[in-house]
Every structure is written in C-alpha cells, then in structure tokens.
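Heads up: the structure comes next, in structure tokens.
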Amino acid sequence: MSGVEAFRTEVRDWMAIHLTGKFAELKFRGGSGEGDALPELRKEWERELAAGGWTCPGWAKEHGGRGLSVAEQIAFQEEYSRAGGPGRMGHIGEGLMGPTLIAFGTEEQKKRFLPGILSGTEFWCQGYSEPSAGSDFGNIKTRAKLDPVTGDWIVSGQKVWTSLAHLSDWIFVVARCEEGSIGRNGLIFLLMPLSQPDVEIHPIKQIGGGAEFNSVFFDGARAKAEDVVGQPGDGWKIAMALLGFERGISTLGQQMSFQQELDLIVEIARENGSDRSPAIRQRVAYAWTGLRAMRYLAMRVLSDDQSAEARREALTYKYQWSNWHRDLGRLAMDVLKMDANVVADDPRRERLQQMFLFARADTIYGGTNEIQLNIIAEQGLGMPKEPRGKL
Amino acid sequence: MSGVEAFRTEVRDWMAIHLTGKFAELKFRGGSGEGDALPELRKEWERELAAGGWTCPGWAKEHGGRGLSVAEQIAFQEEYSRAGGPGRMGHIGEGLMGPTLIAFGTEEQKKRFLPGILSGTEFWCQGYSEPSAGSDFGNIKTRAKLDPVTGDWIVSGQKVWTSLAHLSDWIFVVARCEEGSIGRNGLIFLLMPLSQPDVEIHPIKQIGGGAEFNSVFFDGARAKAEDVVGQPGDGWKIAMALLGFERGISTLGQQMSFQQELDLIVEIARENGSDRSPAIRQRVAYAWTGLRAMRYLAMRVLSDDQSAEARREALTYKYQWSNWHRDLGRLAMDVLKMDANVVADDPRRERLQQMFLFARADTIYGGTNEIQLNIIAEQGLGMPKEPRGKL
Amino acid sequence: MLEFTPDQQMIREEAQRFLREQSSSEAIRRVVDAGASHDAGLWASISRELGWCAMAIPEAFGGLGLGATEVVILMELTGARLACVPFWSTVCMAARLIEAAGSEAAKTKYLGAIAAGEMAVTVALGDLSAANPMSGTSVRAVKSADGYVLTGKVAQVIDLAAADLVIVPAQLEDGATALFALERDTGQVILPLKVIDGTRPVASLELASVAVSTTQRIDAGGLTDAAAQSALAFANLGLAAEQLGAAQGALDVTLAYVAERVQFGRTIASFQAIKHRCAELVVDIAEARSLVFGAAAGLGGMDAAESALEVSGARVLASDLQFRAAEEAIQLHGGVGFTWEYDPHLYFKRAQASAALLGSREAHLDRIAASVFADGGLK
Amino acid sequence: MLEFTPDQQMIREEAQRFLREQSSSEAIRRVVDAGASHDAGLWASISRELGWCAMAIPEAFGGLGLGATEVVILMELTGARLACVPFWSTVCMAARLIEAAGSEAAKTKYLGAIAAGEMAVTVALGDLSAANPMSGTSVRAVKSADGYVLTGKVAQVIDLAAADLVIVPAQLEDGATALFALERDTGQVILPLKVIDGTRPVASLELASVAVSTTQRIDAGGLTDAAAQSALAFANLGLAAEQLGAAQGALDVTLAYVAERVQFGRTIASFQAIKHRCAELVVDIAEARSLVFGAAAGLGGMDAAESALEVSGARVLASDLQFRAAEEAIQLHGGVGFTWEYDPHLYFKRAQASAALLGSREAHLDRIAASVFADGGLK
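Protein chains in written order, with the working numbering: chain Y, 9 to 399; chain Z, 9 to 399; chain E, 449 to 827; chain B, 449 to 827.
Here it is in structure tokens:
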C-alpha cells in the first residue's frame, strides 16, 4: 500500500469513528444551498476535527498544520466527502484567511489569528463584493478612513454575498483607503470583528429558501490599526493573492460530492423507471463523461505544468464544474418527474432539489459565466479586452 | 374549391405538363450550392416559364405580371417547389431588380429592362458586398466617377459574393459617387452590362465544389448616364428598398423544398435502419416541429400585423430558417452514417450532401447569424448598439 | 396568413393591461409566501367580471363560443404574469373534457357554471407527468345500489384546493373509464402539498370508499379515447401557450434588469454576449409563438391527429424555451438572480414544474416521430 | 497529478514544429485536390526518419515500448494539421490489433516492419460506423488444401490505397473470426472512393475467391472478444485524440482570422459574442483533452472495461467538439468560411466523417449508460 493509500485509510477510519453519534445528523449536510444549516452542531464538528488534527492539514507544520502533500490533501478531501463530511464552517479561515496571513501577515497577526482557525473556534467570512461591484471588483466603494488619533480605520459601506457572515466572528474587508482613487489602486485589506455596534448583517434569502449569504453594512465600524494586512494601498494585491489560494485541492472533494449526486440520480432512475428512457440514459452517460473529464482536468490543474496551454485550460475549470453541476440539477429533476416539484420527507429527493436550485448560483458567484468567458478569451487567448464604459 | 385552390391546381397542371421531356433533367436541380448547375437548360426553362406567363406572376398587370394575390403567390411558390421546379436563374431580376425599377426607375428604364426580365432572356446579378464590406454595408469602397463629357459613370472596385455573375447579363452596383463620403451617404445605384472590357468575373469555388458566387472586378468600367437608378446619392435608400423586396413569399417555396429534404431523410432512415435510433427519431421529430413553426412564422410575417411584437418576430425569420436548415444538413449526414462521406451516383444522397455543405452558407450570406442577432437585439429589443471601432 | 382579428387584438391588449396591474410580483408573492390555493380576488375578477372562462364554451351552454385562439391568447398572458388562478385547470382541462366527453346534463350544468364564472374546476389525472394521463388512473369505481363507490388515491392534482369541483376519471369494473364530478366536501380528502413551484398549487386527493350518486357520473357512456385525446390536446395547447407566456415574462424581467444594471461603467445590456442571448430568446419565442397560434388556428379545422402533433411540437418548443428563458433570467441577473427577492426564481421553478406536466419533451417527440416514420413508435 | 514527462513534452514540441512545417495547408490541398492516397513524403519522414510508428510497439518487436500517451500526443498533433498519412490506421488500428490478437510470428514480422517504418497497414473493418465493427464482417474464409479462400466485399476501408498491408477479419466456417494479412496486389481489388473528406482517403475492398496461404492467417487461434475490444479501445482513443487536435487546429485557424478581419472599424475578435464563442471552445477543448489524456494514462493500468468507458466518453466529447469547432470556424470566417480557398471546410468535412467512425455519439453513450445503470443496456 502506497503512502497515500495508507493515509487515505487513516482518514476513512477517523471519519468512520467520529462522524457518528450526535454528529451523524451532519452527514451530507451544510453543502451548497444550505450552508447555514445546523450551525451550532457544525461548529462543534469543527472542534472535533481540530481535536483530530484535521483542520488545516495542508498548512506547513510550523504554522500548526500537518504539511500534507498535494496528493494527501486530495485524498483527505475525497475521503472527507465520501464519508459525508458536512460543509466546512471553517473553510474561509482555513482556505483563504490563514494562507493569506501566512503569506502577508505580521508575526503578531499570525500569532493572534491562526490558533482560532486551527482550533475551530474562530470563524471568518469575506467582504469582497459590493452591490455595484459584483463582477467589477475594481469598482469597490466601501471607504476606510484613518482615525489619526488611534491609527484605526473607520469603515463605511456595504458588502454583499458574504457567506455565513451571521455565523462568523471576523470578516476581512477590501476597502478604498485613498480618497479619489479608482480601480485597483488605493485599496486596503482589513480584518474586522463582526460583533461591534456599527456593523449590521442582513441575511439574503435564496432561491432554495436558505440564507447563507448576507449583506453586511458598515456605518463607521472600526478596524484596529494592527489589523491591516500589508500596507494601505496593497489591498488589490493581497485580495488577488487570497483568491489564488481558493482554487485547487478542495475541488476534488467537491467532485466526490458530485459523484454522490450522480449516484443518487442513477439510483432514483432505477427505482422510478426513468432508466427506461433513452434520453435520460444518454444524459446520465454524458454527465458521467463530464465528471470523468473534470477529474482529469483537476489533476492537470494541480500538476506543475506551466505551459501556456495548461494555464489557459486551468482558467476553464470554474466554468466547467459550475455548468456541469447546473445541468446535473436539471437532469435530477427530469429523472424525478412530477416528484421533483413536491417537497417531501425524503432526504435523497431533498438533497437533489436543493442542489437543483442552488446550482443556479454556481455559475454566478465567484465570477459569473460571462466573466469567466471574458477571462478565458482575454487572458487565455489574448483576444481584445472589453472596453470600459463611462456610465 | 376556393379560388386559391383552383389556382393551385392550375399551377400543378402546368408544371406537370411542362417540367418534362428535356426539362425533366432539371427537377430539383439548381438549388442552394449548385446554383451554377445546367445553366443553359435552366435559361431555356426560364423562357418556357415566360411563355406560360409564370415569370414575375406577382408583378402588377400593368408591368406585365399577373397581379397575383399574396395567397396565390404562396400557392405558386409551393406548387413550383413541390413539382421540383429548378432554382430560378431569373430570381434576382424578378424578385429584386424588377420591383426596384418599378418603384424607383424612370419610364425609360422600365421600358428597357422589364421586358428582358419578363421574357426570361436577360439575367441580373447583384453587386453589393465587398471584401471589406461584408456585413458592414456602409463601408463600400467601389468608386463611381462622373465622366463629365458623356455623363456616364466610370466604376472601379471589387464586388464579392455576386451570385451567378458569370451567367448573367447585367449587374446592379452600389458605389461611392461622392469623394470623401462615408457610411450611407454619397452612394449611387448603377445598372451595368457585364460584357464590357473592364469587368472581370472570377468564380469563387465553394465548400461543395460548385461556384455560384463570383468576385467581380471593375477597372474603369462604364455605366451609362441613363443607367443610374434614382439620383446620385440615393444609393443607400434604393439598396435598402431593394433588400426589402427580397423578404417574403419565396420563403414558402423554400419551405416546400425543406419539407422534401426532410422527407428524403425519413425515407433513407427507414431504408438504412437509422429509424431504429431513438436519438435520430427525436431529432427528426424536432426538425418536423421546427418546420411547422417556421411555416406559421412565415404566415405571420406575411400578414398585415404591424404590432411591435410582430415586427420584432419578423426579424427572426432569416436566423430561424438558416439555422434550422443548417442543422438539418447535419441530421441528414448522421442518418446516412458512413455513406455520408462517399460521393456516389445516388441523386438523393447527392442532394443531401450538397445541402449539408451549402447550408453552411445559409447562416452567413444575406447577413450572418451574428448580424441577425445584433439586429434583433438592437432593432427588435432596443438594446444598445455595438460601438463602431476606429481601425 | 396568420394574424389576430381586431377583436382578438382587443382581448389581448385589455387582458395584458389587466394582468400587469393585478398579477404583480407582490400579488404572486402573497400567494406563494402564504402557500395559498390561489389569488381569490384575481380569480373572481377573471371568472366573474371579465368572463374569460366563457370564451371557448359553446353558446348553447352559456359561453361565447369563441375558438382556441382566444383561450390561447389569455393563457399566454396569464403565463407571462404567473397569475395564481385555476384558469388553465378550469378552461383548458376541465371544461374541454366535459365538452368532449360529458353528458348533455353535465354540460348544461357545469359548462354553464364555468361560463358564468361560478365555478373553478380541475381534473384528477392519474399521472400528471404521463403523455397520456387519462388512462393511468388508479381510482376504482364500483357500482352500488344507488350509485358508485370510489376508492383510490391521486398523488397530485393541480389547483385542487382552489377548485369548487373536481372531475375524477375512475376505472369501472368492466375496465372502461368513467368521469365523476365531486363538489367540495363530498367525502374526498384533500391534502395540499408543499411544492417548489408555489405559483401553481398542487394537492393530493384521497377517496376512501366515497359514495357518489349516479348523477355525479358525468360522462356520456364512458370516456372514449378520441374524447380523451381531444381534451388532452386542448390542455397541452393551453399549457404550451402559458409556457410561452412565462418565457416572455422572464425575458421582459431580464431586459428591464440588464438595461439598468451597470458594470464596468456600462449597462450590461450593452455587452454583445448578453444582447445575443436575449436575441436568441426572441428567436425561440417567435418560433414557439408561431406554432402555438398556428396549432390553435388548426385545432378543430385540421385533421385531429395532425393537430395533436402540432400541439406536441408546441409543447416541446415551449418547454425548452420556458426553461431557457428562466435560466437566462437568473444568470443575467447575476448575484440577485438567485435571491428570493427578485422574480427570476419564480419563473424558474414554474418552468421545471411545467415541463414535467402532461408528457416529457421526449414523449412528445416520440409521438411525432411515430407519425413521421409511420411506424407506431419504437417498441 | 496528470502532466507530461519532460520526454513527452519534447516529443510533443518537436512533432508540433515538424507538422506545422510539413503538413501545411498547401501540402494537404495537394493530396485532396489530386485525390491522392496520402502524402508520401510526409509519411516517409514520419515513419522512417522520425520513428513515430515505433513509439508504442513493444521493445521485443523492435519498438520503443512507450505507452498510449506518446501515441495520443502524436495523434492530437496529426489531427491538428489534418496530416494526410496512414498513421492512425497503422499505429492505432493495425499494430494494436496485431499486438492484441496476432501470433508470435505475425508480431515479429509485421510489428517489426511497422516499427521500422517500412510498412503502412490498415484493417478492413466490416462496418466502419458500428460501435463494434470487428464483429460485422461479411468476408468469409473457407479452408482449402493449402490455406484459405477469402470471399466478400468491404464497403469502406480507411487508407486502403496507401497501405502496404491490409488486415482482413473474416468469418471461418465455424463462425469464429480469423485475421488475414494481404500485402499489395495479392488478389484483392481496391477501388478508391470519391469522398467528401479528402484528407482521409477511403477505398472499397473486394475479395473474389482470393486464395491465401496459412501463413497469411495471422491471429493466434481466432480473434477473441477481449482482443477485439482492446484493439478497438486503442483505435477509439487515437481517433478521439485526433479529433481533439483537429478541433484545436480549427480554433487556431479561426483565432488567426478574427484577429485580422476588420468589420465596423474593429477586428471581429473584439466582439464579445465572438470572444465568448472562442472561449467556449477552449472550455470544451480543456474538457476533451483532459479525458483523452486521462484515459490514455489509465489504459493498461485501470480495469479494461472502465478504461473502455472513458475512451467512449472521450469519443463523445471529441466528436461533439470537433464538429462544433469546425462549424464555428466556418461561421466566424464569414463569407470566406464556405469557400474552397480557406481551410475551414477541410476541418468541417473531416469532422463529419470522423464522427461517423467506430460508433455514433449515441452508441458510445449507450455503452456508458449500460455500465452506469448496470443493466446491460436497453433492449
């Protein structure tokens, strides 16, 4: 048995032992569309993971991680998903905030923030998007003004699509700190506690009825002087680097969950006779094909290939999985036929219904399809950039 | 039997009697992709039609036509196609040039040109497109200079996609007659004989091997003073009006030929077993559906409904039929399986192969798909216009 | 030529104005959020004041005796505004079924009541997603001394909670299908279901040995296949029109949004990719609308079998179109597209639910193929 | 992780450079316009000088013993340039079939010759468009005193006129399938066919009582289903790679054109709708390329049945992609797109012809579905 296979077995065993008892309720929960489900129990689960040493396993050992190889990280993600491990409340901290602090934070910041992430006790959310800066990230309007007395930053503005803000402790905020600056210039990257008087969090009810996203309003809220990451003006650079950390290994875990959804669809089709429909069969086979292709694409993206072709094709990954998943949702409903419309006490059906609805967000958040295609055309193919208008 | 039905019978009977003997060879020939097939015999057929009074039947009686109603014209087109009437060599004269002269020509021009069109003895082609003014009609570069001595116009430049120029007697040319004018201004609409020394015609070989289109080069060629339609500077207005005459009734005849192609596909599928494929069956049924819808769309377009909705939907007709037809070509080849690739002495297969290849031009000539969608969005939906660049 | 008469044009314009005002986003949300059976006020206006239910009912039974085109005009517009009323059930399903298969007495009584706007009616189809849902009923009718006893369950009945009357196809002991009419609270158990598409409520129907009188049997000597097919064609045509309308509604909402929304210093309506996608929806709307109205014009005139094929084709085009228009509405709304607050999700949920009704895309195409290939279909 | 080794990267770069120079548009047109059997000079370079045919042949038979990945790299690149050489026939069909089913003597002789670049070989498959074309042969082999007599016709054999050797699957009297190897001019009649896709010549083969010796029978005791499936998977994988390459080639041609072509005062590459369509092709190329190379990596390692499914999936993606890339090439070239003079039509004709080979899209998906549903397929 190779090292990775042994490790895989270790994860599988740990999950089999720990995702039981009161945590059994969490199996396959808290995924897309119900990221706000069972929050307290899922926070407890984060502490359970931490106790097992399974939070931040990809971080270097010096920062409290396990220093897993890429292959091991993939194995962890896959086994976690296969076992039905719930959606990770700590994802933003572990996947984005931690790596950003490790790369750009001061020693003092690392000392203050990494332990809470590692121990599953402090939860983070992200403050990027704004109502008029959805895809247009350079159009950020939230202001940060220096308080000359304290050196703190006073923040006013609105962030949207902040996932799990209402269940988080901290938010990182990209704000405009130089009066009159435009685009990528003059931005600052701030760490802010959410429990302060001048922050208001309004959940956004979604298509499926859940509310994992929020609008967060800042009305003179405060970021401490020592909670700036990098220098004022570095906001763009740090934000881009942070987004870079997001891509990657967790996609293999996501694919495991896609495979489970496809398996469910096949199972239901066999039960309700949809498997006798030639068109449904062809669509299932096509979905299977797309998932296989995605798996290999992910493995290529995670490889060291730095050719222009590999970089261009890596740009397609988000478009690929989100559209595949969106189409899977429709397939699931077509397989369910009339039952698709009825909410019943059937966890399989409910999972597919939620997936169907929330997968509509997949092609929008994290860069819409349209933005992805612009990026592929412009960065991948070197085609002319879309001109900016003057409205 | 209604008047139209009686008329329909008359056409059917005439075709049954006349499209025989030496003309039998012409059945179903000379359509898209082989517009240059059997030219001499088809010119003779035009004279046969003329002798029967079937050229220009939609023209008013005073101009030598039959003054048919729209319903009768549709019936004529349908019966002509149903009988396998060959592609019309006289189409440009009858459908475009004649109506334009009737609307804008002088009495003298009508007297000179209409008889040749009516009698099937003079053939016309159109000189619109240019190498750098394909979709961008306003970018016409062909120049017409006034010869102050004779009042004639001396024309230099190049036209492309001139269908059947090599088999035609006359060409109408849109050229720039005002030095320094741009866009729609300063254009002139000229009638020019093709058999003159400073005109060269180069056939353009097409995807299917035929060459019904040409490049026409003018190198100081001459249009007589009396062969200007309208005033110098009116070129745009007249050209647009002429294009307006093109839309319409002939589409119903075209649909009849589409129906024949679909029937052929069904026939071959039944013979070669493709009709056992669920996917092929679904595609055939979908093609049937699209053709039905197109038929009703054409009938709506030909109606008097002038509502914004009706006008918007009329804009979709070209996109609709061309894409439907293009897809039909692929379906035909998929039904033929391996035989699709082999050119054999089987007129049914050959017809479908030519259709498959030439239907690729359907979505390009007469305004590409992309231009059609721009028009629908801009004129039909009032969305913002594409900005013009400055290259 | 295919165009509206001036009367039809007037009906259309007035209905459009009325529905824009009365079936606003807020009005729809009141029904959806409350899980209500329908918008009672809107229904009262439509059925009683405006007399829409009388359009296609023969004059002999108190209707206006107009044709399928008028109904289709109204269905398209109710679809565009996702009007939460049992109009389709009453007019396109129930009334047509009664007309095609009902006894004279039933026609007089029920068509009269429908035409007068006094009654919302639905039909308890056996399997809503089947292409031929009349034949699949699991309700059994056993003859009793003074009538029949009905037993069985119907999993999903559209507009059941809103209906004053439900028509139940039931299988007799000899295998034939009869139609029974049950008014409110006459022994049936109605259980409203929690559904994804709240704009078209659904309930289950349970009949546990419900005794009905012979007068409640309303068919004229059994439901013939021809009558069932005729009723079904009309229901499908109405549904196709509604789906077409919903697609237009979704596009309208989207066009309004992209004209306002600014990104990168431009309205997003100025991006060519967005223009082209909106234009493609216009193309498909033109296609579907032509077939819907063409089929409506043919219904009754043309050969019934051919007409039914056109209706199947219209369902295919309209189902494809409705879903795509709704998914484009979500996509082109960007972030707000998948929120509860904006309307795209209402159109989207309706699209999926409608596509599943009365035969899948595949089933309708199979039916057309069986006719085109003249082979009765693949076995 | 899935990436090229440095050696593979080097093979790829050199082959790409070589083919760009040697399989130019002019070179292709020389073959197509003359109706020639292949580009003999190019084939000589590839087979003899560059040794591409030796890549996947075991070292024991004079090859380099490399894996499927190297072959797939070369197939992708020959596809991109529509190289008119019998490379796929020789390496992906014939050599693999000999390796899977051939006797030791046949392997030594023919694999050796192929590896040395001395022989172009093809296989006379019964029905080229069938998903399982090995089993459909109509050629019959009757035992004679000193060998066999072969009789039958094969409608279409790829690269037959270019091949030095054709392998003919034939049915024996006991129903088993044997393989016979016929060198040039040993009694068979070859009739080159006029084809739409002139970049991949096809001829018919007629065997009118052709006597062959026992040594010409090259299989080791009959063609087993496992051997046929293994050979077929390799042929399909090579074809998928070629199709992928042709899609990339069509996109490359298109990108070059739209970057130059000016309309409305802008390069047409600056129109967002065109950008998005090119980007969508990149997405699909990334998807197909991943599955092609993933399947290649799995071939031999993974369970053979699962590997064959991946190959079927790769064919589906590559066939869809190739056709779409070619049709977009024509469309985005505008008027010149459907002329003989520009290259899109070459890619387009190749796309349709390739999609028809070795199983339709539907047949490959059916095979996958039969496995996913574990029910052996719909009957």
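Glycine included, C-beta positions come from ideal geometry on N, C-alpha and C. Since the model is a prediction, treat every value here as computed from it, not as a measurement.
(request) Can you have a look at I190 of chain Z and say buried or exposed, based on whether 16 or more other CB atoms are within 10 angstroms of its CB? (result) By the neighbour-count definition (other C-beta atoms within 10 Å, threshold 16), I190 of chain Z is an exposed residue.
(message) With three or more C-beta pairs closer than 8 Å as the rule, is the segment 266-279 of chain Z touching the segment 732-742 of chain E?
(response) Per the Cβ contact rule, the segment 732-742 of chain E is not in contact with the segment 266-279 of chain Z (fewer than 3 Cβ pairs under 8 Å).
(message) Would W491 of chain E and V533 of chain E be called neighbours here (beta carbons separated by less than 8 Å)?
(response) Result yes, Cβ atoms of W491 of chain E and V533 of chain E sit closer than 8 Å.
(request) Note down, one range per segment and in chain order, each beta strand (DSSP E) of at least 3 residues found wholly within the segment 611-636 of chain E. (result) As far as the segment 611-636 of chain E is concerned, its whole beta strand (DSSP E) runs of at least 3 residues are 613-619, 625-631.
(message) Tell me the DSSP secondary structure of I666 of chain B in three-state form.
(response) I666 of chain B falls in the coil class under three-state DSSP.
(request) Classify P792 of chain B as buried or exposed, calling it buried when 16 or more other Cβ atoms lie within 10 Å of its own Cβ. (result) P792 of chain B is buried by the Cβ-count criterion.
(request) Could you please give me the residues that DSSP links to P211 of chain Z through a beta bridge? (result) Checking the DSSP bridge columns, you'll see P211 of chain Z partnered with Z:N222.
(message) So that I know if they touch, is there some Cβ in chain E lying closer than 8 Å to that of K345 of chain Y?
(response) Yes, K345 of chain Y lies at the interface with chain E (some Cβ there is under 8 Å from its Cβ).
(message) Run through chain Z and tell me which residues come within less than 9 Å of T787 of chain B, C-beta to C-beta.
(response) I212, K213, Q214, I215, F221, listed in chain order.
(message) Counting only beta-carbon separations shorter than 8 Å, does R714 of chain E have a partner in chain Y?
(response) Taking 8 Å as the CB threshold, R714 of chain E lines the interface with chain Y.
(message) 8 Å is my cut-off, CB to CB: does K601 of chain E come that close to chain Y?
(response) Chain Y contact via Cβ: absent.
(message) Which same chain residues end up closer than 6 Å to G550 of chain E when comparing Cβ atoms and leaving out the 5 residues on each side of it in sequence?
(response) Listed in chain order, the non-local C-beta contacts of G550 of chain E below 6 Å within the same chain comprise I666, local neighbours out to five positions each way being set aside.
(request) Work out the CA separation of I521 of chain B and A568 of chain B for me, nearest whole Å. (result) Computed Cα separation, rounded: 20 Å.
(request) Write down the C-beta distance between A564 of chain E and G510 of chain E rounded to the nearest angstrom, noting that I regard them as a contact closer than 8 Å. (result) Contact between A564 of chain E and G510 of chain E holds: their C-beta atoms lie close to 6 Å from each other, under 8 Å.
(message) Just verifying my parser: in three-state terms, what is the DSSP assignment at E597 of chain B?
(response) Note that residue 597 of chain B is Val in the sequence shown here, rather than Glu. Reduced to three states, the DSSP call for V597 of chain B is strand.
(message) Using only the alpha-carbon positions, how far apart do I716 of chain E and I372 of chain Y sit?
(response) Whole-angstrom Cα-Cα distance: 15 Å.
(message) Which residue marks the beginning of the alpha helix (DSSP H) containing I288 of chain Y, and which one marks its end?
(response) Counting along the chain, the unbroken alpha helix (DSSP H) around I288 of chain Y starts and ends at 286-309.
(request) Let me know if M458 of chain B comes out buried or exposed under the rule of 16 or more other beta-carbons within 10 Å of its beta-carbon. (result) So M458 of chain B ends up on the exposed side.
(message) Cutting at 6 Å between CB atoms, please list the residues of its own chain near K35 of chain Y, excluding the five before and the five after it.
(response) Around K35 of chain Y: G92.
(message) Please give me, in chain order, every unbroken run of the alpha helix (DSSP H) with length at least 4 that falls completely inside the segment 756-809 of chain B.
(response) Assignment of alpha helix (DSSP H) within the segment 756-809 of chain B, counting only whole runs of 4 or more residues, yields 792-803 in chain order.
(request) Using 10 angstroms around the beta-carbon of E754 of chain B, count the other beta-carbons present and answer buried if the total reaches 16, otherwise exposed. (result) Answer is exposed; the Cβ neighbour count stays below 16.
(message) With three or more C-beta pairs closer than 8 Å as the rule, is the segment 48-59 of chain Z touching the segment 94-110 of chain Z?
(response) Verdict: yes, contact present.
(message) Which residues does DSSP list as the beta-bridge partners of E654 of chain B?
(response) In DSSP, E654 of chain B forms a bridge with B:K601, B:V637.
(message) Comparing C-alpha positions only, which one of E:T570, E:Q619, E:Q636 sits nearest to V605 of chain E?
(response) Comparing alpha carbon positions, the residue from E:T570, E:Q619, E:Q636 closest to V605 of chain E is E:T570.
(message) By the three-class DSSP mapping on this structure, what secondary structure does A229 of chain Y have?
(response) Residue state for A229 of chain Y is assigned as strand, using DSSP reduced to three classes.
(message) Let's see if you can read the secondary structure: which residues bound the alpha helix (DSSP H) around A589 of chain B?
(response) Judged by DSSP secondary structure, A589 of chain B falls outside any alpha helix (DSSP H) and instead within the beta strand (DSSP E) spanning 588-592.
(request) Please classify S137 of chain Y: is it buried, with 16 or more other beta-carbons within 10 angstroms of its beta-carbon, or exposed? (result) With 16 or more other Cβ atoms within 10 Å, it is buried.
(message) Between the alpha carbons of V182 of chain Y and A247 of chain Y, how many angstroms are there, rounded?
(response) The straight-line gap from Cα to Cα measures roughly 7 Å.
(message) List, in chain order, every chain E residue whose beta-carbon is nearer than 7 Å to that of Q720 of chain B.
(response) Near Q720 of chain B (Cβ distances below 7 Å), the residues of chain E are F719, Q720, A721.
(request) Give the single residue among E:S537, E:I816, E:I722, E:K555 whose Cα lies nearest to the Cα of L699 of chain E. (result) In terms of Cα proximity to L699 of chain E, the closest of E:S537, E:I816, E:I722, E:K555 is E:I722.
(request) With DSSP as the reference, label K555 of chain B as helix, strand or coil. (result) Looking at K555 of chain B - three-state DSSP - the assignment turns out to be helix.
(message) Assess contact between the segment 287-302 of chain Y and the segment 262-269 of chain Y, defined as three or more Cβ pairs (one per stretch) separated by less than 8 Å. Is contact present?
(response) A contact exists between the segment 287-302 of chain Y and the segment 262-269 of chain Y.
(request) Pull out every residue of the segment 304-315 of chain Z whose Cβ sits closer than 7 Å to any Cβ of chain E, in chain order. (result) Taking 7 Å as the upper bound on Cβ-Cβ separation, chain E lies near residues Y304, L305, M307, R308, L310, S311, D312, D313 of the segment 304-315 of chain Z.
(request) Could you list which residues in chain B have their beta carbon closer than 8 Å to that of G142 of chain Z, in chain order? (result) What G142 of chain Z touches in chain B: Q711, G782, G783.
(request) Following the continuous beta strand (DSSP E) through I162 of chain Z, name the residue where it begins and the one where it ends. (result) From DSSP, the beta strand (DSSP E) with I162 of chain Z extends over 161-167.
(request) Indicate whether at least one CB of chain Y lies closer than 8 Å to the CB of Q290 of chain Z. (result) Q290 of chain Z counts as touching chain Y.
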